[in-house]
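Residue numbers (the working numbering), protein chains in the order written: chain A, 2 to 148; chain B, 4 to 581.
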Amino acid sequence: MSTRWYPLYQRGNPQLRVFLPNFWMKVIKPKEEIPPNMVHFHVSNEMTEYDVRNYLTKIYKLPVVAVRVEMKNGETVKTQQGDIIKEDDYKEAHVTMEKGFKFSFPEIDTRPGYDIFKKSSEQTKKTMDDLEKKYRYRPGLPTWFEQ
Amino acid sequence: MSMILFRCRGAKWIRPQSTVCSKRLSSVAVPANQPQYPPIVEETPLAQKLRRKKQWHDWLRSHDTIEEKLFELNMPKYYGWNSVILRDDAVPYNFLPWARFSTRTHIEVSDAINPLYSDSLLDTKASEIASELKSEVENVILFEWVEMRRRQDLDLYKERALSDFESSDLRTRSFVKHLNQVLMAGMVDQAKYLNMVTAIPDPRIDAFWFLGGINPSKEKIEERKRRTKMTNINVKKSFLDPSLVDLPVNEPIQFYGKPILQLQTRYPLPPVEDLKENDSRAAGVPHVPYEPTLIYLEKQYRRATTVPGFWPGEQHSFGMMSFHSSSFLDSRPFGPEDNLEAAHCTAILTSFSWLLGQACYQGFSTFHDVTYPLVTQTAMTNGKDWSFYLYQLNTTLLHTMNSTENPRCNVCWASNPMKLFEDVQDGRVIGFNENVLKQIIKMYLIEPKEREGVEMRPYLSDKPYVADIEYEERRDWLERQFKHITSNRPRKQEKPEVYAWEKIFRIRFNDLPQLNNRKWYMSQQPPPDCRRYDDHPPVYKPNALRTEEDQKYCHRIRRVYRMFYPGTNKEKIKPPGT
Chain A
2 MSTRWYPLYQ RGNPQLRVFL PNFWMKVIKP KEEIPPNMVH FHVSNEMTEY DVRNYLTKIY
62 KLPVVAVRVE MKNGETVKTQ QGDIIKEDDY KEAHVTMEKG FKFSFPEIDT RPGYDIFKKS
122 SEQTKKTMDD LEKKYRYRPG LPTWFEQ
Chain B
4 MSMILFRCRG AKWIRPQSTV CSKRLSSVAV PANQPQYPPI VEETPLAQKL RRKKQWHDWL
64 RSHDTIEEKL FELNMPKYYG WNSVILRDDA VPYNFLPWAR FSTRTHIEVS DAINPLYSDS
124 LLDTKASEIA SELKSEVENV ILFEWVEMRR RQDLDLYKER ALSDFESSDL RTRSFVKHLN
184 QVLMAGMVDQ AKYLNMVTAI PDPRIDAFWF LGGINPSKEK IEERKRRTKM TNINVKKSFL
244 DPSLVDLPVN EPIQFYGKPI LQLQTRYPLP PVEDLKENDS RAAGVPHVPY EPTLIYLEKQ
304 YRRATTVPGF WPGEQHSFGM MSFHSSSFLD SRPFGPEDNL EAAHCTAILT SFSWLLGQAC
364 YQGFSTFHDV TYPLVTQTAM TNGKDWSFYL YQLNTTLLHT MNSTENPRCN VCWASNPMKL
424 FEDVQDGRVI GFNENVLKQI IKMYLIEPKE REGVEMRPYL SDKPYVADIE YEERRDWLER
484 QFKHITSNRP RKQEKPEVYA WEKIFRIRFN DLPQLNNRKW YMSQQPPPDC RRYDDHPPVY
544 KPNALRTEED QKYCHRIRRV YRMFYPGTNK EKIKPPGT
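What follows is the structure, encoded as structure tokens:
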């Protein structure tokens with residue numbers, strides 16, 4: 002990654018070339034069902050349709066047929082202080098590959114370790130409940146007192 | 004005026020009704036041994052919903068005239084349907100499965116197209132005519148490619164040079180019209196019925212239909228989820244059962260086409276094969292359930308217009324043949340293999356749309372299936388390359404479950420592109436292919452015949468046009484409104500816009516309670532998309548325009564213009580005291 006900004010091309014400017022620009026692409030899980038030869042990406046905001054096409058064909062040798070990029074608004078959220086703020090905008094790329102190409106987003110564990118955490122917390126809760134049930138009508142009884 | 008004032012039917016206040024039955028159910032005493040039960044109907048939420056839809060379909064079917072039926076399709080939407088726009092000169096990549104799905108078409112590709120054209124009698128007759136007309140057709144080619152100088156070629160108009168696609172399209176269009184003239188003049192002795200054929204250059208082909216079985220979009224699912232929580236009696240009409248949230252949606256589809264030329268006749272072409280109620284080929288039609296905007300199709304708010312190149316009342320209302328330009332294929336970047344499929348797509352969509360328009364003008368619709376098949380022939384050409392299609396319309400039902408479960412399917416017989424000639428050099432045509440000319444002539448030689456023993460217009464009355472209506476005010480009103488709808492003008496007052504700040508501060512976080520202007524989204528009113536076409540206040544009739552007859556009526560009637568929406572106000576109001 003270079004420290005140099007990839008400059009926005011203005012008409013009439015000389016074509017600037019940057020070695021190792023700040024380009025990145027991330028495969029995302031589509032929100033709706035899409036054809037198997039389509040892939041959705043999040044890309045860096047400076048990338049144009051040509052950049053996305055070149056990125057995939059030159060580096061990964063993928064059979065790209067058509068690309069469409071779209072700027073999306075960031076989510077508006079309310080902070081704990083009660084201010085409404087907007088998160089950063091992002092760019093989405095919808096890429097169509099050749100007919101025979103098939104891609105389905107792999108099933109990834111989005112919260113690794115969550116199952117174990119949930120299991121242990123349930124166990125703890127159950128123990129606490131049992132204890133509470135046991136001592137409900139015996140307030141102040143020491144725990145070492147066996148019946 | 005920030006408040007949008009309109010009364011929406013869904014928001015009408017309903018008086019709470021008593022659960023105690025106070026009325027006598029029947030005025031006739033029913034004997035105990037012959038009890039009358041209401042019909043047993045399925046009471047699942049889906050069945051109820053389909054029944055509600057069917058009510059509208061039956062209402063549409065009950066209209067007397069063609070124009071009213073086409074008008075009725077527009078009635079649910081004040082601002083028009085948010086429909087998928089299809090055009091005949093723009094085809095996305097890998098479109099054939101969707102084109103087949105959206106028209107429920109089975110396609111067979113072979114060089115002989117169909118056994119219909121292999122008939123020996125037809126073959127000899129066509130080859131005779133082809134050898135006669137060959138030199139004339141060569142002259143036409145030379146004229147269009149060499150001698151013709153169009154205004155765009157002259158120096159005067161050099162300011163805006165035409166692109167290759169545009170100039171090739173222009174040449175194709177003028178060539179096909181010229182060719183048609185030569186063929187008609189040369190063949191009319193052998194085929195007398197060509198005297199009775201109407202050739203229409205550059206017709207307008209619009210078609211509108213509903214396509215079911217499509218995945219609901221994310222916004223649609225959210226909207227449906229909101230509707231499951233409604234318990235207020237005021238908006239009870241839009242309440243949705245939670246089990247219906249993920250149900251596939253109906254997508255309104257609007258096709259716009261511009262063929263080069265179409266030939267119309269008084270009688271339809273004879274059917275290629277009989278109508279099969281259970282067609283095994285229907286199972287082979289692909290199901291492409293993706294949301295149309297995801298596969299590069301655009302959506303726009305449009306009126307539902309169906310125009311097969313002529314208006315209701317045209318005597319020659321059946322199609323024989325149409326020619327389409329395929330020049331747009333050269334501008335596609337997807338390679339020759341996909342271009343071949345794109346030509347098939349355009350042929351399927353244009354043939355289906357034209358036949359659907361013809362069927363609609365016979366009283367059928369996208370909700371009421373045809374009772375006999377309709378046939379058309381289509382040629383796609385850029386002047387040199389020709390591909391031919393024969394299309395039989397067996398069904399127009401594509402809405403709701405019909406898109407996947409309809410036992411009937413339409414059939415398209417297609418050919419691969421053939422070259423009429425290779426090139427033009429030194430004032431001579433090189434590599435002229437007589438077989439292509441023969442194929443075009445064969446298509447002209449298939450004679451349209453009257454269908455005997457078939458009721459052509461089962462869903463229309465004896466007076467099937469608005470022009471036949473005797474009540475003058477109603478006739479004029481319907482004619483004016485129908486033309487206005489087909490002209491596709493937007494509403495004068497635009498649909499209320501929701502600004503970004505409103506979306507953030509008023510809808511998402513209700514942060515500005517101090518602002519006093521109320522909008523539709525703050526009340527429990529349904530959104531403007533739900534507003535019906537006739538949901539508007541009555542139009543005031545100025546005193547000067549009221550006739551003497553008007554003065555006889557009470558002020559409520561005489562002060563406003565009467566509305567004649569489809570199927571309503573068929574009779575004149577009798578003046579009081581008559």
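Glycine is no exception: its CB is placed at the ideal position from the N, C-alpha and C atoms.
| Item | Value |
| --- | --- |
| Straight-line gap, Gly434 (chain B) to Glu141 (chain B) (C-alpha atoms, nearest Å) | 11 Å |
| Exposure label - Tyr51 (chain A); buried when at least 16 CB within 10 Å | exposed |
| Below-8 Å beta-carbon distance, Glu139 (chain B) vs any chain A residue | no |
| Ala350 (chain B): first and last residue of the uninterrupted alpha helix (DSSP H) it sits in | Pro339 to Cys363 |
| Through-space distance from Arg154 (chain B) to Lys575 (chain B), alpha-carbon basis | 56 Å |
| Closer than 8 Å to chain B by CB, Pro64 (chain A) | no |
| Min CB distance Pro37 (chain A) to chain B below 8 Å | no |
| Residue(s) in a DSSP beta bridge with Gly322 (chain B) | B:Gln267 |
| Straight-line gap, Ser220 (chain B) to Pro95 (chain B) (C-alpha atoms, nearest Å) | 20 Å |
| Any C-beta of chain B under 8 Å from that of Glu93 (chain A) | no |
| Local Cβ density within 10 Å of Ala350 (chain B), reported as buried at 16 or more and exposed below that | buried |
| Residues of the region 81-111 of chain A whose Cβ lies closer than 7 Å to any Cβ of chain B, in chain order | Ile85, Thr97 and Lys100 |
| Cutoff 8 Å; reference Tyr468 (chain B); Cβ partners in own chain excluding five residues on either side | Thr68, Ile69, Glu70, Pro315 and Gly316 |
| In chain order, each alpha helix (DSSP H) run of at least 4 residues that lies wholly inside the region 160-194 of chain B | 167-190 |
| Under 8 Å from the C-beta of Lys79 (chain A): neighbouring residues of chain B | Phe512 |
| Test item: CB-CB of Ala2 (chain B) and Ser121 (chain B) under 8 Å | Given that chain B is displayed from residue 4 to residue 581, the structure contains no residue 2 (chain B) and the question cannot be resolved. |
| Beta carbon proximity, Ser105 (chain B) to chain A, threshold 8 Å | no |
| For Pro295 (chain B) and Ile192 (chain B), the rounded distance between their alpha carbons | According to the sequence displayed, residue 192 (chain B) carries Asp and not Ile. The straight-line gap from Cα to Cα measures roughly 50 Å. |
| Under 8 Å between C-beta atoms of Gln484 (chain B) and Phe74 (chain B) | yes |
| Contact with chain B by Phe146 (chain A), beta-carbon distance below 8 Å | no |
| Residue environment, Ala14 (chain B), which counts as buried when at least 16 other CB atoms sit within 10 Å | Note on Ala14 (chain B): pLDDT 47, under 50, position unreliable in the model; the coordinate value appears next. That one is buried. |
| Distance, Leu278 (chain B) Cα to Ala362 (chain B) Cα | 15 Å |
| Reference Val432 (chain B); option with closest CA among B:Ser418, B:Lys57 and B:Trp148 | B:Trp148 |
| Min CB distance Ser406 (chain B) to chain A below 8 Å | no |
| Beta carbon proximity, Lys577 (chain B) to chain A, threshold 8 Å | no |
| Proximal chain B residues relative to Glu33 (chain A), where beta-carbon distance stays under 7 Å | Asn218, Ser220, Lys221, Glu294 and Leu297 |
| Rounded separation between His41 (chain A) and Lys92 (chain A) - CA only | 11 Å |
| CB contact check: Ile88 (chain B) to chain A, cutoff 8 Å | no |
| With 16 other Cβ atoms within 10 Å as the buried cut-off, status of Ile43 (chain B) | exposed |
| Any 3 or more C-beta pairs closer than 8 Å across the region 94-110 of chain B and the region 398-414 of chain B | yes |
| Check whether Met323 (chain B) and Gln257 (chain B) have beta carbons under 8 Å apart | no |
| C-beta atoms of Tyr536 (chain B) and Tyr304 (chain B) nearer than 8 Å | no |
| Unbroken beta strand (DSSP E) run spanning Phe213 (chain B), endpoints | Ile208 to Ile217 |
| Strand pairing of Lys100 (chain A), partner residues [DSSP] | Per DSSP, none; premise fails for Lys100 (chain A). |
| Alpha-carbon spacing of Val248 (chain B) relative to Lys387 (chain B), whole angstroms | 52 Å |
| Stretch-stretch touch, CB-based, cutoff 8 Å, three pairs: the region 196-203 of chain B with the region 163-176 of chain B | no |
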